[in-house]
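Residue numbers (UniProt numbering): 1 to 135. Below: the structure, in C-alpha cells.
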C-alpha cells in the first residue's frame, strides 16, 4: 500500500485528520508500513492527498505521542516497533464503522430495528451474490 492509495472522503462527515490517522494505523497494522519504514514527508502526503500540510503534521504528531511513529530530525518520520494485533485492530475498526452507521442512520430518522433489517437484507444479498459466483 502506497500513501497515494489512502482515500480521504471529503463528504463523510468524519474529520480528515481522523480518516488519515486511521488509514495510517491500518497500513501499519496490516504490514504495509513495517517497523522502521519511513513515511512520506508531511508535504508529500499533503500534496498527494490534496489536504492541508498542517493536518498531516497534526496526525504525525498525534501518532508520535501515541508511540506509533518516531521523528528523527533531518531524517524523516518512521514507524516504531509497535504491537497492534491485527484482530484487535479489525474489531476496533468494525465497532467504529457500526457506531458511525448507527449515528448516521439515527440522524436520518431510522430506528435500530430498521437498520438491523437493512443490514440483514444486505448481508443476505451479498451471500447470494457470492454463492452465485461460486456455483
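In this text, a Cβ means the ideal position worked out from N, Cα and C, and glycines have one as well.
Item: Is it true that the CB of residue 76 sits closer than 9 Å to the CB of residue 38?; Value: yes
Item: Across which residues does DSSP place residue 72 in a beta bridge pair?; Value: 76
Item: Taking all protein chains shown into account, decide if residue 119 is buried (16 or more other Cβ within 10 angstroms of its Cβ) or exposed.; Value: exposed
Item: Going by DSSP, what residue range makes up the alpha helix (DSSP H) through residue 24?; Value: 16–29
Item: Got a sec? Which residues, its chain only, sit under 6 Å from residue 33 by beta carbon, not counting five neighbours each side?; Value: 27, 79
Item: Roughly how far, in whole angstroms, is the beta-carbon of residue 8 from the beta-carbon of residue 69, given that I think they are within contact range, below 8 Å?; Value: At roughly 19 Å, the Cβ-Cβ gap does not stay under 8 Å, so residue 8 and residue 69 are not in contact.
Item: How long is the line joining the alpha carbons of residue 14 and residue 98, rounded to whole angstroms?; Value: 14 Å
Item: Taking the alpha-carbon of residue 56 as reference, which of 29, 109, 117, 21 has the nearest alpha-carbon?; Value: 21
Item: Do residue 16 and residue 51 have their CB atoms nearer than 9 Å?; Value: yes
Item: For residue 114, I'd like the list of residues in its chain whose CB is within less than 8 Å of its CB, leaving aside the five on either flank, ordered along the chain.; Value: 105
Item: Would residue 30 pass as a contact of residue 6 if the rule is Cβ separation under 9 Å?; Value: no
Item: Can you tell me whether residue 25 is buried or exposed? The criterion is at least 16 other CB atoms within 10 Å of its CB, across all chains shown.; Value: buried
Item: Measuring alpha carbon to alpha carbon, tell me which of 36, 58, 35 ends up nearest residue 46.; Value: 58
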